[in-house]
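Structure, as structure tokens:
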Amino acid sequence: MQLTEMLSLIVKGFWETLYMTLGSTIVAYALGLPLGLLLVLTDPKGLKPMPVFNRVLGIVINLLRSVPFIILLVWVMPVTRAIMGTTIGSKATLVPLFIAAAPFIARMVESSAREVNQGVIEAAQAMGASPWEILVKVILPEAKPSLIVGAAIAVTTILGYSAMAGIVGGGGLGAIAINYGYYRSNSNVMLVMVVLLVLIVQVFQEVGTRIAQRLDRRIRERD
Amino acid sequence: MATPIIELQGITKTFGTGAGAVTALKDVDLTIYEGEIFGVIGLSGAGKSTLVRCINLLEKPTAGKVIVNGQELTALSQKELREQRRSIGMIFQGFNLLMQRSVLDNVCFPLELCGVGRKEARVKAQKLLERVGLESKKDAYPAQLSGGQMQRVAIARALATDPKVLLCDEATSALDPTTTLSILDLLKELNRELNVTVVIITHEMKVVEAVCNRVAILADNKIEELGTVEEIFRQPKSLAARQLIVPGSQAPSRESFGAGRFWRLTFDGSEKTEQPLVAEMVLRTGAPVNIVFADTRALNGRIYGQMILQLPENELAVTEMGRYLTESGVSFEEVI
Ligand SMILES: Nc1ncnc2c1ncn2[C@@H]1O[C@H](COP(=O)(O)OP(=O)(O)O)[C@@H](O)[C@H]1O
Ligand SMILES: [Mg+2]
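Heads up: the sequence lines are chains A and X, in that order. Residue 485 in the numbering used here sits at position 111 of the first sequence, and the numbers go up by one each step. Residue 87 in the numbering used here sits at position 86 of the second sequence, and the numbers go up by one each step.
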């Protein structure tokens with residue numbers, strides 16, 4: 375294969391990887407963020423205790439989280455086909471990625487929200503804040519740095535999943551690594567893919583950490 | 002001082018159920034009047050926090066009525082309760098500021114909850130920060146402040162909605178003695194100027210001494226004793242009160258003294274430290290006494306506490322001693 379051909383393949387794979395990772399993360403946050411907050415809110419000791427609902431939601435999330443991604447990928451193919459009309463390509467991969475990411479994100483959000491000082495929540499209650507106001511004006515802003523760090527971890531984890539999708543016909547850098555690097559034993563391609571994936575993970579992680587630190591007002595700035 | 006502002010009627014609070022149940026308050030009645038600085042003191046675990054949290058219903062009593070400002074809080078819906086909580090400010094041992102908001106925005110927070118416009122809220126918050134002496138820190142974040150400064154911000158925040166009552170749960174317990182006094186002075190000033198009723202929960206007698214008008218002694222989940230600070234200091238009736246006034250003291254039981262007659266002398270602060278009272282008494286009557294127990298402490302050059310004396314056999318000398326003590330203004334009673 376010619377170098378230019380290879381290059382354009384890699385560029386395409388790079389964009390597909392970004393598309394799959396970020397696309398599924400964003401959609402998964404749309405579900406995972408409210409679910410995570412719901413887990414905290416409906417906790418028996420939470421602001422709106424609903425023990426039975428909380429327990430059921432927790433179990434469902436754990437069930438989804440315990441299916442290995444590679445199995446999930448194959449298992450949900452009928453669903454993927456029903457939604458996307460196909461099971462191959464990067465667009466189709468969005469479906470299993472979303473299903474895997476949403477419960478993971480829900481747990482990340484839950485843990486960030488739980489870190490918020492209980493005393494601050496109590497102070498807001500004493501001031502007459504409603505559970506909704508506490509959620510929007512206290513828990514989310516106070517948990518913001520932790521939520522951003524969590525988002526960076528979520529993105530990098532989902533990036534790893536997206537590479538796995540290459541095995542069953544998903545797109546992106548993972549697919550190139552498997553099709554060229556593994557099936558055609560092109561170790562150079564394999565190396566380039568690994569390096570690229572590592573770089574992307576590093577960039578996401580670094581950017582996430584930096585933003586979180588920049589926004590966190592708990593860090594003492596001495597002037 | 003005649004208008005009740007906080008009334009607790011038959012408040013019982015039990016945490017948990019069955020074998021693991023803990024009763025934190027047992028049938029507590031308490032009335033606090035408008036404009037008072039009321040202290041609640043007790044050892045750790047006595048139920049002080051539970052008591053104060055029952056006032057704004059952060060803790061829902063298992064039984065009993067809570068009336069604040071003429072409103073029976075225990076009869077309100079959640080929404081109505083939230084409304085009423087705006088007239089009850091609260092500050093905490095841990096300050097509980099929003100760490101991701103600036104000092105000014107922390108003070109704006111309760112105003113935001115009431116729907117006050119951003120501009121108006123900022124003007125009011127700024128004034129309150131000036132009032133607590135922190136206008137220069139308005140753009141700082143809580144993490145950049147000292148403990149005393151954080152508590153000042155918390156006070157400004159608690160006062161933003163012009164509450165009638167300010168609840169303070171161990172508000173100075175995390176502060177050093179000097180900062181504690183400055184915060185207590187501020188509370189005193191605010192009480193005087195804004196006529197806000199202040200309820201102070203503490204385990205330190207010096208806090209009560211410094212600011213409170215009346216004090217309730219909480220022990221074993223109930224109010225053991227209640228009165229003006231001077232009354233309690235002069236004549237602590239309950240063991241709990243004595244333990245708190247003279248920390249670490251516990252008068253031994255009558256049996257342990259053995260045979261003879263004993264008097265308990267109570268020093269209420271009207272005696273000066275430089276006055277060698279007991280020595281003077283012995284010299285005057287010519288009869289030696291045996292000090293079997295003494296637990297006193299000096300405060301601002303005055304004596305507080307108690308002493309138990311074994312009396313001489315000589316009845317005449319005893320009568321003389323009684324006269325001397327009465328003259329000196331020391332109250333005493335026979336230990337039986
Ligand atoms: N949320 C709770 N759950 C169970 N027990 C509690 C709870 N809060 C307080 N208690 C118990 O109630 C008693 C009184 O506690 P508290 O009011 O915090 O005392 P204080 O403030 O005087 O130290 C203690 O025995 C404590 O363990
Ligand atoms: Mg306490």
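We treat Cβ as the ideally placed atom computed from N, Cα and C, and that holds for glycine. In this text, all values refer to a predicted model and were calculated from it rather than measured experimentally.
Cα separation between residue i and residue j?
{"i": "A/S398", "j": "A/Y556", "result": "26 Å"}
{"i": "X/G249", "j": "X/R243", "result": "In this prediction, X/G249 scores a pLDDT of 47, lower than 50, which makes its location untrustworthy; the coordinate-derived value is nonetheless stated afterwards. Cα to Cα, the separation comes out at about 9 Å."}
{"i": "X/E84", "j": "A/G502", "result": "6 Å"}
{"i": "X/S257", "j": "X/G306", "result": "20 Å"}
{"i": "A/G546", "j": "A/N491", "result": "41 Å"}
{"i": "X/T297", "j": "X/I304", "result": "7 Å"}
{"i": "X/V154", "j": "X/K165", "result": "18 Å"}
{"i": "A/T391", "j": "A/I462", "result": "14 Å"}
{"i": "A/G524", "j": "A/L471", "result": "17 Å"}
{"i": "X/K125", "j": "X/C109", "result": "8 Å"}
{"i": "X/A64", "j": "X/F16", "result": "12 Å"}
{"i": "A/K465", "j": "A/R592", "result": "41 Å"}
{"i": "A/A402", "j": "A/A474", "result": "9 Å"}
{"i": "X/A172", "j": "X/D269", "result": "28 Å"}
{"i": "X/G95", "j": "X/A175", "result": "7 Å"}
{"i": "A/L409", "j": "A/G493", "result": "23 Å"}
{"i": "X/S254", "j": "X/L227", "result": "24 Å"}
{"i": "X/R132", "j": "X/A295", "result": "45 Å"}
{"i": "A/D597", "j": "A/A497", "result": "Bear in mind that the predicted position of A/D597 carries a pLDDT of just 44, short of 50, making it unreliable; the figure below should be weighed with that in mind. So the alpha carbons of these two residues sit roughly 30 Å apart."}
{"i": "X/E314", "j": "X/I184", "result": "53 Å"}
I'd like to know if residue i contacts chain A, where contact means its C-beta is closer than 8 Å to some C-beta of that chain.
{"i": "X/R86", "result": "yes"}
{"i": "X/Q101", "result": "yes"}
{"i": "X/G95", "result": "yes"}
{"i": "X/M206", "result": "no"}
{"i": "X/G249", "result": "The predicted position of X/G249 is uncertain, since its pLDDT is 47 and thus under 50; a value taken from the coordinates is nonetheless stated next. Not one chain A Cβ lies under 8 Å of X/G249."}
{"i": "X/G116", "result": "no"}
{"i": "X/M151", "result": "no"}
{"i": "X/M308", "result": "no"}
{"i": "X/P277", "result": "no"}
For a cutoff of 8 Å on Cβ pairs, would you count residue i as touching chain X?
{"i": "A/G493", "result": "yes"}
{"i": "A/Q587", "result": "no"}
{"i": "A/E489", "result": "no"}
{"i": "A/A497", "result": "yes"}
{"i": "A/Q386", "result": "One point to set straight first is that residue 386 of chain A is Lys, not Gln, in the sequence displayed. No, because no Cβ of chain X sits closer than 8 Å to the Cβ of A/K386."}
{"i": "A/V510", "result": "no"}
I'd like the span of the beta strand (DSSP E) that includes residue i, first residue to last.
{"i": "X/L31", "result": "V23 to Y34"}
{"i": "X/F39", "result": "I38 to I42"}
{"i": "X/M91", "result": "I89 to F93"}
{"i": "X/S183", "result": "Counting along the chain, X/S183 falls outside any beta strand (DSSP E), though it belongs to the alpha helix (DSSP H) covering P178 to L195."}
{"i": "X/R215", "result": "R215 to A220"}
{"i": "X/Q10", "result": "P5 to F16"}
Could you work out which residues of chain A lie near residue i, taking near to mean beta carbons separated by less than 8 Å?
{"i": "X/A144", "result": "R591, R592, I593 and R594"}
List the residues of chain A whose Cβ lies closer than 7 Å to the Cβ of residue i, in chain order.
{"i": "X/R83", "result": "G502 and S504"}
Could you pull the start and end residues of the alpha helix (DSSP H) that residue i belongs to?
{"i": "X/G71", "result": "Run containing X/G71: none; DSSP gives neither H nor E here."}
{"i": "X/E314", "result": "Careful: X/E314 lies outside any alpha helix (DSSP H) and carries neither H nor E."}
{"i": "X/E231", "result": "V230 to R235"}
{"i": "X/F258", "result": "Looking at the DSSP string, X/F258 is not in any alpha helix (DSSP H), and its letter there is neither H nor E."}
{"i": "A/E580", "result": "S561 to L589"}
{"i": "X/Q145", "result": "Per DSSP, X/Q145 belongs to no alpha helix (DSSP H) and is neither H nor E."}
Against residue i, what residues of chain X qualify as contacts under a CB-to-CB distance less than 7 Å, listed in chain order?
{"i": "A/E516", "result": "L99, M100 and Q101"}
Below 8 Å on C-beta distance, what does residue i contact in chain X?
{"i": "A/E507", "result": "L114"}
Note down, in chain order, every chain D residue with its Cβ under 8 Å from the Cβ of residue i.
{"i": "X/P111", "result": "Protein chains in the displayed structure are A and X, and chain D is not among them."}
Kindly list, in the order they appear in chain A, the residues whose Cβ is closer than 9 Å to that of residue i.
{"i": "X/M91", "result": "E496, A497, A500 and M501"}
| query | Closer than 9 Å, Cβ to any Cβ of chain X: which residues of the segment 412-440 of chain A, in chain order? | reply | none
| Members of the segment 29-40 of chain X that neighbour chain A once the beta carbon cut-off is set at 7 Å | none
| task | Anything in the segment 156-169 of chain X with a Cβ closer than 7 Å to a Cβ of chain A? List those residues in chain order, please. | result | none
| message | Can you pull out the residues from the segment 57-78 of chain X whose beta carbon lies closer than 8 Å to at least one beta carbon of chain A? | response | N57 and L59
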